[in-house]
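Engineer: Please see the structure below; I have some questions.
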Amino acid sequence: MKITIYSFSSSCLTQNSMLALMLLFSFNLWAEGITLDEAEQMAIQSDPAQQIYQAEQSSLIAQGIAGSTLADPMIKLGMANVPTDSFELDQDAMTQLTVGLAQQFSRGSQRALTQKGFNQRSEITAYQALDRQLKVKKTVRKLWLNILFIDKSMNIVKENKKLFLVFYRDLQSKFGLGSADNEDLIFAEIEISKFDEKLAALTQRSLNYRSLLSEYIGHYANDQLADELPSWPETVSYLGTLNKINSDHYRLLSTHPKAKILAQNIVVADNGIELAKQNYKPRFKVEVGYGHRLSETDMGVDRSDLLSAFVTMDIPLFTDKRQDQKLISAQQKKGQKQAEHRLLLRQLNASLNAEISNYQQIQARIQRYQDSLLKQAKLHTQLLEQSYQSNTRPFKEVIDAYIHEQNLSLEYQQLSFDGLKSLANIRYFQAL
Numbered sequence: 000m001k002i003t004i005y006s007f008s009s010s011c012l013t014q015n016s017m018l019a020l021m022l023l024f025s026f027n028l029w030a031e032g033i034t035l036d037e038a039e040q041m042a043i044q045s046d047p048a049q050q051i052y053q054a055e056q057s058s059l060i061a062q063g064i065a066g067s068t069l070a071d072p073m074i075k076l077g078m079a080n081v082p083t084d085s086f087e088l089d090q091d092a093m094t095q096l097t098v099g100l101a102q103q104f105s106r107g108s109q110r111a112l113t114q115k116g117f118n119q120r121s122e123i124t125a126y127q128a129l130d131r132q133l134k135v136k137k138t139v140r141k142l143w144l145n146i147l148f149i150d151k152s153m154n155i156v157k158e159n160k161k162l163f164l165v166f167y168r169d170l171q172s173k174f175g176l177g178s179a180d181n182e183d184l185i186f187a188e189i190e191i192s193k194f195d196e197k198l199a200a201l202t203q204r205s206l207n208y209r210s211l212l213s214e215y216i217g218h219y220a221n222d223q224l225a226d227e228l229p230s231w232p233e234t235v236s237y238l239g240t241l242n243k244i245n246s247d248h249y250r251l252l253s254t255h256p257k258a259k260i261l262a263q264n265i266v267v268a269d270n271g272i273e274l275a276k277q278n279y280k281p282r283f284k285v286e287v288g289y290g291h292r293l294s295e296t297d298m299g300v301d302r303s304d305l306l307s308a309f310v311t312m313d314i315p316l317f318t319d320k321r322q323d324q325k326l327i328s329a330q331q332k333k334g335q336k337q338a339e340h341r342l343l344l345r346q347l348n349a350s351l352n353a354e355i356s357n358y359q360q361i362q363a364r365i366q367r368y369q370d371s372l373l374k375q376a377k378l379h380t381q382l383l384e385q386s387y388q389s390n391t392r393p394f395k396e397v398i399d400a401y402i403h404e405q406n407l408s409l410e411y412q413q414l415s416f417d418g419l420k421s422l423a424n425i426r427y428f429q430a431l
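This is the structure in structure tokens:
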């Protein structure tokens with residue numbers, strides 16, 4: 000059975016449907032910016048790799064059909080028993096013009112098993128295509144989150160720059176009145192320039208991520224992104240059901256396309272064992288021949304034509320060096336694939352546990368920022384600002400406090416988006 004690789008269609012996206020898709024996305028993007036779901040759909044539906052897997056699957060199915068077909072029949076034309084003294088065709092009674100037809104038959108169920116094997120291998124390409132879709136979605140999610148994090152970081156920096164400009168203008172007024180030092184004024188100008196440098200660095204990172212994202216969604220990577228962050232309740236709910244850090248996720252992971260690829264390899268190896276067993280069965284060839292004689296009897300009567308038929312078969316009598324070894328090879332191949340499957344599940348389980356632990360630690364750190372760090376930094380800044388207004392604290396300490404508060408805000412945003420990227424990794428293991 001042919002498995003559909005594409006989630007949207009079993010064939011490549013047509014030009015009309017692609018045009019309609021782009022028009023729809025253009026309208027949505029103009030209205031509110033591209034959402035993560037839209038970016039994922041565009042990336043999957045325009046991924047050229049899906050065409051590669053589709054072509055490979057079709058190729059394997061075609062090879063299976065070819066492998067299940069009987070060998071082409073062979074025709075034989077010639078002359079038999081021609082006398083060498085005269086080369087006359089009507090001189091000898093046994094001289095004849097012959098035509099023959101031969102057909103070879105494969106061993107046992109070899110043809111059916113060959114087709115079955117190719118069909119089973121074609122299913123592997125379907126799982127490879129599904130795994131490719133999951134990897135594309137994971138990559139798009141992480142790039143999208145990186146860009147959105149930078150956008151939010153730029154907003155924080157811009158707001159703080161506005162606040163610093165207010166301080167700078169106030170400092171200029173105080174300097175004009177002689178109540179502020181020139182050193183503080185220069186220091187404030189340096190810090191404002193640092194804001195510009197920070198924004199330039201963030202813009203550079205954003206352009207880099209958008210360039211990487213353009214591989215998947217084209218020029219839409221340069222458009223505005225929607226501000227709504229994904230919640231992914233299925234993943235959060237799954238994490239809530241875990242009782243311990245290092246859990247066994249084998250039931251979940253056994254349904255992952257990556258695991259199904261190796262599970263299907265075991266099925267293919269099983270078929271290979273059955274195919275190897277066919278080598279113990281004989282192979283037949285049937286031949287039919289017709290001979291037309293041109294000579295006549297002494298009475299002047301045409302001699303009768305001759306018909307011949309043969310059945311040829313090979314008999315696997317000495318199997319220890321050929322058939323037995325092929326069967327042993329096929330059985331060992333299955334053992335190898337089974338071991339690879341078990342190893343992959345263990346690796347996936349360990350990787351998933353590591354990602355879950357990473358996510359849980361990020362959440363704990365986020366909670367610490369929310370409960371204490373951000374509040375304490377804000378309170379510290381307010382106290383220093385009040386002290387500065389009453390001329391009991393230097394201007395530099397106030398600036399340092401605001402910069403520290405900004406850095407904590409950026410770190411908090413980074414942790415929040417790191418948590419979402421960790422969820423994106425976990426969703427890959429969930430095949431979501």
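Be aware that the sequence shown starts at 0, since it is given in numbering that gives the first Met the number 0, and climbs by one per residue. Note that beta-carbon positions come from the ideal geometry of N, C-alpha and C, so glycine has one too. All values derive from a computational prediction rather than experimental measurement.
Between A430 and A54, what straight-line distance do the alpha-carbon atoms span, to the nearest angstrom?
Structural biologist: As a first step, residue 430 is located in the sequence shown; it is residue number 431 there, counting from the start. As a first step, residue 54 is located in the sequence shown; it is residue number 55 there, counting from the start. Cα to Cα, the separation comes out at about 23 Å.
Engineer: Any idea if M93 is buried or exposed, counting beta-carbon neighbours within 10 angstroms, 16 or more meaning buried?
Structural biologist: Counting from 1 along the sequence shown, the entry for residue 93 is found at position 94. Result: exposed.
Engineer: Measuring alpha carbon to alpha carbon, tell me which residue in S210, T113, D313 and V139 is nearest I64.
Structural biologist: What you label residue 64 is simply residue 65 of the sequence shown in a count that begins at 1. Comparing Cα positions, the closest option is T113.
Engineer: List in chain order: all unbroken beta strand (DSSP E) runs of 3+ residues lying wholly within the segment 303-342.
Structural biologist: List check, beta strand (DSSP E) in window: 305-313.
Engineer: How about the segment 383-392 and the segment 352-369: do they share at least three Cβ pairs that are nearer than 8 Å?
Structural biologist: Not touching, per the Cβ criterion.
Engineer: Enumerate, from N- to C-terminal direction, the unbroken beta strand (DSSP E) stretches of 3 or more residues contained entirely within the segment 64-98.
Structural biologist: Counting only runs of 3 or more, we get 73-79.
Engineer: So, with DSSP's three-state summary, where would you put A443?
Structural biologist: Because the chain in this structure spans residues 0 to 431, residue 443 falls outside the shown range and cannot be described.
Engineer: Kindly indicate the opening and closing residues of the beta strand (DSSP E) around G271.
Structural biologist: The residue you call residue 271 lines up with position 272 of the sequence shown. No beta strand (DSSP E) contains G271, which is instead part of the alpha helix (DSSP H) from P256 to K276.
Engineer: Kindly provide the ranges of any beta strand (DSSP E) runs that are 3 or more residues long and lie completely inside the segment 182-237, ordered along the chain.
Structural biologist: Qualifying beta strand (DSSP E) stretches: none in this window.
Engineer: Mapping DSSP to helix, strand and coil, what is H248?
Structural biologist: In the sequence shown, the residue the question calls residue 248 occupies position 249. Reduced to three states, the DSSP call for H248 is coil.
Engineer: Rounded C-beta distance between Q277 and Q109? I'm assuming under 8 Å.
Structural biologist: Taking the sequence shown and counting its residues from 1, the one referred to as residue 277 is at position 278. Taking the sequence shown and counting its residues from 1, the one referred to as residue 109 is at position 110. Rounded, the Cβ-Cβ distance is 5 Å, consistent with contact.
Engineer: Based on the DSSP secondary-structure assignment, which residues constitute the bridge partners of Y126?
Structural biologist: Locating residue 126 in the sequence shown gives position 127, counting from the first residue. In DSSP, Y126 forms no bridge with anything.
Engineer: From K284 to K325, what distance separates their C-alpha atoms?
Structural biologist: In the sequence shown, residue 284 corresponds to position 285, counting from 1. In the sequence shown, residue 325 corresponds to position 326, counting from 1. If you take the alpha carbons of K284 and K325, they lie about 23 Å apart.
Engineer: Assuming R106 and P281 make a contact with CB atoms under 8 Å, what is their CB distance in whole Å?
Structural biologist: In the sequence shown, residue 106 corresponds to position 107, counting from 1. In the sequence shown, residue 281 corresponds to position 282, counting from 1. About 7 Å; that satisfies the 8 Å criterion.
Engineer: Output the boundary residues of the beta strand (DSSP E) element that contains R282.
Structural biologist: Residue mapping note: residue 282 aligns to position 283 of the sequence shown, counting from 1. R282 to R292 is the extent of the beta strand (DSSP E) around R282.
Engineer: Quick check on D169: does DSSP put it in helix, strand or coil?
Structural biologist: One-based indexing of the sequence shown puts residue 169 at position 170. Of the three classes helix, strand and coil, the one that applies to D169 here is helix, per DSSP.
Engineer: For V135 versus Y215, is the C-beta distance shorter than 8 Å?
Structural biologist: Here residue 135 refers to the residue found at position 136 when the sequence shown is read from its first residue. Here residue 215 refers to the residue found at position 216 when the sequence shown is read from its first residue. The answer is yes: Cβ separation under 8 Å.
Engineer: By the DSSP assignment, the alpha helix (DSSP H) with S389 in it spans what residues?
Structural biologist: As a working mapping, residue 389 is identified with position 390 in the sequence shown. Segment: none, S389 is in no alpha helix (DSSP H) and carries neither H nor E.
Engineer: Starting from N406, trace the alpha helix (DSSP H) in both directions and tell me its first and last residue.
Structural biologist: Start at 1 with the first residue of the sequence shown, and residue 406 comes out as number 407. That run of the alpha helix (DSSP H) goes F394 to F428.
Engineer: Looking only at its own chain, which residues have a Cβ that is under 7 Å from the Cβ of S67, when we skip the five neighbours before and after it?
Structural biologist: Here residue 67 corresponds to residue number 68 of the sequence shown, with the count starting at 1. Same-chain partners within the cutoff: R110, A111, T113 and Q114.
Engineer: Distance, Cα to Cα, L76 vs Y289?
Structural biologist: What you label residue 76 is simply residue 77 of the sequence shown in a count that begins at 1. What you label residue 289 is simply residue 290 of the sequence shown in a count that begins at 1. Rounded to the nearest angstrom, the two C-alpha atoms are 10 Å apart.
Engineer: By how many angstroms is the C-alpha of T380 removed from the C-alpha of Y401?
Structural biologist: Here the question's residue 401 lines up with position 402 in the sequence shown. Here the question's residue 380 lines up with position 381 in the sequence shown. Going by the C-alpha atoms only, they are around 6 Å apart.
Engineer: Using 8 Å as the threshold, is the segment 81-90 in touch with the segment 39-54, meaning 3 or more CB pairs across them?
Structural biologist: Counting Cβ pairs under 8 Å, fewer than three are found: no touch.
Engineer: What are the boundary residues of the alpha helix (DSSP H) that includes I43?
Structural biologist: Residue numbering aside, residue 43 sits at position 44 when the sequence shown is read from its first letter. Counting along the chain, the alpha helix (DSSP H) containing I43 begins and ends at L35 to Q44.
Engineer: Might you give, ordered along the chain, the residues of its own chain that have their beta carbon closer than 8 Å to the beta carbon of N270, omitting 5 neighbours on each side?
Structural biologist: As a first step, residue 270 is located in the sequence shown; it is residue number 271 there, counting from the start. L112, K115, G116 and Q119.
Engineer: With a threshold of 7 Å on Cβ separation, who are the neighbours of I60 within its own chain once the five nearest residues in sequence on each side are excluded?
Structural biologist: As a position in the sequence shown, residue 60 is number 61, starting the count at 1. Excluding residues within five positions, the ones whose Cβ falls inside 7 Å are K1, F117, N118 and S121.
Engineer: Here's a check: name, in chain order, each residue in its chain whose Cβ is nearer than 6 Å to the Cβ of E339, leaving out the five neighbours to either side.
Structural biologist: Taking the sequence shown and counting its residues from 1, one reaches residue 339 at position 340. Counting only Cβ-Cβ distances below 6 Å, and skipping sequence neighbours, we find L261.
Engineer: Can you tell which of E227, A101 and I43 has its C-alpha closest to the C-alpha of M312?
Structural biologist: Here residue 312 refers to the residue found at position 313 when the sequence shown is read from its first residue. Closest option to M312, Cα to Cα, is A101.
Engineer: Return helix, strand or coil for D150, following the three-state DSSP convention.
Structural biologist: In the sequence shown, counting from the first residue as 1, residue 150 sits at position 151. In the structure shown, D150 sits in a helix (DSSP, three-state: H, G or I).
Engineer: What residues are listed by DSSP as bridge partners for E295?
Structural biologist: Mapped onto the sequence shown, residue 295 falls at position 296. Paired residues: D301.
Engineer: Return the CA-CA distance between L147 and S210, expressed in angstroms with no decimal places.
Structural biologist: On the sequence shown, residue 147 is found 148 positions in, with the first residue counted as 1. On the sequence shown, residue 210 is found 211 positions in, with the first residue counted as 1. One C-alpha to the other measures close to 14 Å.
Engineer: Compute the beta-carbon to beta-carbon distance between Y167 and I191, rounded to the nearest angstrom, for a pair I have assumed lies under 8 Å.
Structural biologist: Mapped onto the sequence shown, residue 167 falls at position 168. Mapped onto the sequence shown, residue 191 falls at position 192. Correct: roughly 6 Å between the Cβ atoms.
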